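In this note's numbering, the protein residues as written are 21 to 451. Please read the structure below before turning to the comments.
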Amino acid sequence: MITDGNQRISNLQGEAVADTRKIGHETKRARRALSVINQNLIGSNAYPCIVNKKPSSQKCVIYDENIPNPIQRPITRKFAAQIAPTQNQQSCLVETNKQVNSVQNSNEVEDSKIMDGECKAKATIDLPVPMSMEESEVTPNQSNDMEEVEMEDIFEDDPILDIDGCDSKNPLAVTEYVDDIYSYYRKMEVCSCVSPDYMSQQFDINEKMRAILIDWLVEVHYKFELREETLFLTVHLIDRFLARHTMVRKKLQLVGLIALLLACKYEEVSVPVVEDLIFISDKAYTRQDLLEMESTMLNTLQFNMSLPTAYVFLRRFLKAAESDKKLEMLCSYLIELSLVEYEMIKFPPSLLAAAAVYTAQCSLYGFKQWNKTCEFYTNYSEDQLLECSSFMVKFHQKAGTGKLTGVYRKYSTSKFGFAAKFNPAIFILNS
């Protein structure tokens, strides 16, 4: 039994060897048959999906099996040799064949030599190129049309975004009538504006004293950790009161304290008490002085304190600009710098807020940016903002210098994102 098993194994091995030899002979026959077919293909017509390229073209095209063919059939090396007639293209194909021959067996080396001979014999045949790879000539009119289409795509108007769509389910955003609210603010801001030269009516105070007072109030506001709305309303009340009532120099600080007290009563939940205001004034005034000035200011303003400030518009315009925390802090910094300056009174609150957003965008991005969405919701074009924005850039440049540095030191802290460290948009001054 063991002998018979060994004989069977030996017979199976012999048959396997014989089959291998037969397969080798069949492979050689198949290779020779393919070479004969390729020789016949030299004189045959090209595939119906392939066209002849113009003789003027001298481009060297190397076909790769990885590139999809229009007839969904890989182009073999031998067929590629048949469609490479020119000398430049022949040299490219010879180098490609050499690289391929380095990894083929000896039989394929012989076939490649035959292929090189065929390339030289057909050096005068036009180069057929697949239709998908052939470059069509573009007339001047067509090229101009293409450029016009591209320019239209580049300079197409930006779409106006719906900035309230994301808050449709937020009842605090009042998206149903938020546009009506800001339309009302637009009408009322005319009443809130004061004369830009009201200081000429004052005989004992001037613009520098006003700047010192507001710079000091910025620090007090920061120490008490009050809301931003409170600071803007405080400055607003001071200007409206001084535009209607003459004031002596020694009571100017008292006017600032009462304006802060009234703004806190209007905006804050927790209001500073009168004793706190007396303390921060270094006891320069008594409790009776504060109460009398409060009555005087309210009667002078006719108890009208609900007029829009720049902060009201700033929140809306930042939403239109799709701002992040960095842009928001820089806008607040620029607009607080403007609060200190008397010459910025001539600008209405909405323009002041829009210019702060525009200037902050220019500072952060390094170029002028004012899209259609911002223009739509602010009702100001870029040209209308340039004058106010130029003033803000100048204030940004000189911030931190001189004696009035309250706003600069406030925005140099991490709480306000070091907004005072950003570079000013000087290029706006050259426009």
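For each residue, glycine too, the CB sits at the ideal point set by N, CA and C. Note that the structure is predicted; figures quoted are calculated from it, not measured.
Where Gly276 is concerned, the enclosing alpha helix (DSSP H) starts and stops at 272 to 287. Sorting Lys430, Gly437, Leu406 by C-alpha distance to the C-alpha of Ile446 places Leu406 at the top.
Following the DSSP letters along the chain, one finds Ser410 inside the alpha helix (DSSP H) bounded by residues 402 to 418. By the Cβ criterion, the stretch 245 to 258 is in contact with the stretch 278 to 291, since at least three pairs of Cβ atoms, one from each stretch, lie closer than 8 Å. Taking the C-beta atoms as reference points, Ala231 is found no nearer than 9 Å to Leu274.
With contacts defined by Cβ atoms closer than 9 Å, Leu310 and Leu277 form a contacting pair. Counting C-beta pairs with one atom in each stretch, the stretch 386 to 395 and the stretch 347 to 360 have fewer than three that are closer than 8 Å, which means they do not touch. Within the stretch 235 to 274, the complete alpha helix (DSSP H) runs of at least 4 residues fall at 248 to 262. With contacts defined by Cβ atoms closer than 9 Å, Tyr218 and Asp259 form a contacting pair. Using a Cβ-Cβ distance cut-off of 8 Å, the stretch 333 to 350 and the stretch 313 to 323 are not in contact, since fewer than three pairs of beta carbons, one from each stretch, lie closer than that value. For the pair of segments examined, the stretch 368 to 380 was found to touch the stretch 201 to 217: the number of CB pairs separated by less than 8 Å reaches three. Counting only the Cα atoms, Phe223 lies some 8 Å from Val268. Residue range 345 to 360 is occupied by the alpha helix (DSSP H) that includes Cys351.
CA-CA distance, Thr195 to Lys346, rounds to 26 Å. For Lys441 against Ser432, the beta-carbon gap comes to about 7 Å, under 8 Å, which counts as contact.
Two segments are said to touch when three or more pairs of C-beta atoms, one from each, lie closer than 8 Å; by this definition the stretch 321 to 328 does not touch the stretch 184 to 191. With respect to the 9 Å criterion, Ala283 and Leu257 are classified as neighbours on the basis of their beta carbons. Between the alpha carbons of Phe438 and Leu334 lies a distance of about 20 Å. Following the DSSP letters along the chain, one finds Asp184 in no alpha helix (DSSP H), marked with neither H nor E.
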